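Just add 16 to wherever you are in the sequence shown, counting from 1, and you've got my numbering.
Virtual Cβ for every residue (Gly too), placed ideally from N, Cα, C.
As the structure is a prediction and not an experimental result, all values here were calculated from the model.
Below is one structure, written out as structure tokens; the observations come after it.
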Amino acid sequence: MQAHFVLLPGDGIGPEIVTEARKVLERVAQLRGHTFDFEEKLMGGIAIDEAGDPLPESTLAACREADAVLLGAVGGPKWDDPTAKTRPEAGLLAIRRQLGLFANLRPVKPNRHLIDASPLRPELVEGVDILFVRELTGGIYFGPSSISDDGRQAQSTMVYSVGEIERIVRIAAEAARGRQGRLTSVDKANVLEVSRLWRRVAARVMEQEYADVAYEVVLVDAMAMHLISRPRDFDVVVTGNMFGDILTDEASMLPGSLGLLPSASLGEPGPGLYEPIHGSAPDIAGQGIANPLATILAAAMALRHSLHLEPEAIAVEEAVETVLDSGTRTADIAAGGASASTSEMGDAVVTALG
Ligand code: IPM
Ligand code: MG
């Protein structure tokens, strides 16, 4: 097949890790007889520097024409000035909103080779396999917000409509059907009116359309505990934008390394956006030591969700597995032992693809 990727390398280690993911995609195309082409665009801090906008119009236009968008990372201390007119993160929020990417899939599955890197005891973490489905274009991130003229009071509002809740619950329930058939919805219905609506709508959708999926609701504060005390008990977890932001950061610690976790942001219709869940790591940028595996696994998610090339996606995931089996490690997961560079790691995956 023919597919057009837009690459948004972004800031910090972004360009280094996206280069490796591209290598892997090129190899997949070569091996399986596909034609992938790649277009690089500005996004994040570098886009503020070069175009005065974290999401320039030409970047957004290119993304709309893409089959899939692969993002490295955005942000860094250079753009951290709280008085600045705009920030790299604003570009990320804008692209999610503009492309209608309302469903953010964040799988958390510790790699068996790295289980000892988890801050939790191995017996708690072994077998964990959670798919977080985070609502990404609504809630308190996008509700009305304001600050009073005297600057002494500010507000941000959590807003969800029935339609927004229905569509994200359906995505999560469909995903659960393809997995262990269990869905947990996380809210704060004991306090928030918006959560009470979420709970009513989710329950109705599940009862009417997904009676075959085991369904439970958990309050967000309790969920924060359960993720640490019994993370194995969860299959698919659906929640709103801010709760999902916080819980996925918490869950990302279960595997012990951020360097292996990809994410996908999907909407209908249009391209999906794929990225590692880690940040731009400015402290190690440009040194060629960053771990490209999360971005390579994000590319695998692009093959699966946007290009519907499931065998190719599995081939990439298995190649990553083979490389880890063979003991190849970047510094972040080497536990002080010998380590491969970013490009050596990418090359190893390319080789493992066959
Ligand atoms: C994430 C990030 C973003 C978010 C920031 C960078 C805007 O934390 O993708 O989880 O809060 O959504
Ligand atoms: Mg976050």
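- Under a 10 Å Cβ-count criterion, methionine 239 is classified as buried, with 16 or more other Cβ atoms of the shown protein chains found around its own Cβ.
- A residue is called buried when at least 16 other Cβ atoms come within 10 angstroms of its Cβ; serine 273 meets this threshold and is buried.
- Residue pairing for alanine 230: DSSP places it in a beta bridge opposite Arg198.
- According to the DSSP assignment, isoleucine 33 belongs to the alpha helix (DSSP H) that extends over 30-48.
- When distances are taken from the beta-carbon of threonine 153 to the heavy atoms of the ligand MG, even the shortest one reaches 8 angstroms or more.
- Distances taken from the Cβ of valine 149 to the heavy atoms of the ligand IPM include none shorter than 8 angstroms.
- The region 308-324 makes contact with the region 74-91: 3 or more CB pairs, one atom from each, lie closer than 8 angstroms.
- Runs of the alpha helix (DSSP H) lying entirely within the region 37-120 and spanning at least 4 residues, in chain order: 61-67, 73-81 and 104-114.
- Alanine 170 has its alpha-carbon roughly 21 angstroms from the corresponding atom of threonine 153.
- Lysine 101 and lysine 57 have their C-alpha atoms spaced approximately 22 angstroms apart.
- Leucine 47 counts as exposed, since fewer than 16 other beta carbons sit within 10 angstroms of its beta carbon.
- Residue burial is scored here from C-beta neighbours: valine 178 has fewer than 16 other C-beta atoms within 10 angstroms and is therefore classed as exposed.
- Distance check between leucine 213 and each of Val175, Val34, Leu117 and Gly295 places Val175 closest, using alpha-carbon atoms only.
- The C-alpha of valine 236 lies about 16 angstroms from the C-alpha of serine 268.
- Between the alpha carbons of leucine 340 and methionine 361 lies a gap of roughly 10 angstroms.
- Secondary structure note for valine 365: its alpha helix (DSSP H) is the uninterrupted segment 358-368.
- Relative to the Cα of proline 31, the nearest Cα in the group Leu369, Thr358, Val366 and Gly370 belongs to Thr358.
- Sequence-distant Cβ neighbours of alanine 67 in its own chain, meaning closer than 7 angstroms and more than five residues away, are Leu58.
- Between alanine 350 and valine 252, the gap from beta carbon to beta carbon reaches 9 angstroms or more.
- If you draw a straight line from the Cα of alanine 189 to the Cα of arginine 43, it is about 34 angstroms long.
- Distance from the CA of alanine 19 to the CA of leucine 325, rounded to the nearest whole angstrom, comes to 11 angstroms.
- As for any beta strand (DSSP E) of minimum length 3 sitting wholly inside the region 218-283, the runs are 230-235, 252-255 and 278-282, ordered along the chain.
- According to the DSSP assignment, glutamate 142 belongs to no alpha helix (DSSP H), since it is labelled neither H nor E.
- The bridge partners DSSP lists for tyrosine 290 are Leu86 and Ala280.
- Taken from the Cβ of threonine 264, at least one heavy atom of the ligand MG lies inside 8 angstroms.
- No Cβ-Cβ contact shorter than 9 angstroms links aspartate 299 with threonine 255.
- The distance from the Cβ of phenylalanine 158 to that of arginine 113 is about 7 angstroms, consistent with a contact at the 8 angstroms cut-off.
- Between the ligand MG and aspartate 96, a heavy atom-to-CB distance of less than 8 angstroms is absent.
- Taken through DSSP and simplified to helix, strand or coil, leucine 24 comes out as strand.
- Contact check for alanine 63 and phenylalanine 21: beta-carbon distance about 18 angstroms, past the 8 angstroms limit, so the pair fails to qualify.
- Within its own chain, the residues whose Cβ lies closer than 6 angstroms to the Cβ of glycine 143, once the five positions on either side in sequence are excluded, are Arg248, listed in chain order.
- Taking all protein chains in view, the Cβ of asparagine 307 is crowded by 16 or more other Cβ atoms within 10 Å, so the residue is classified as buried.
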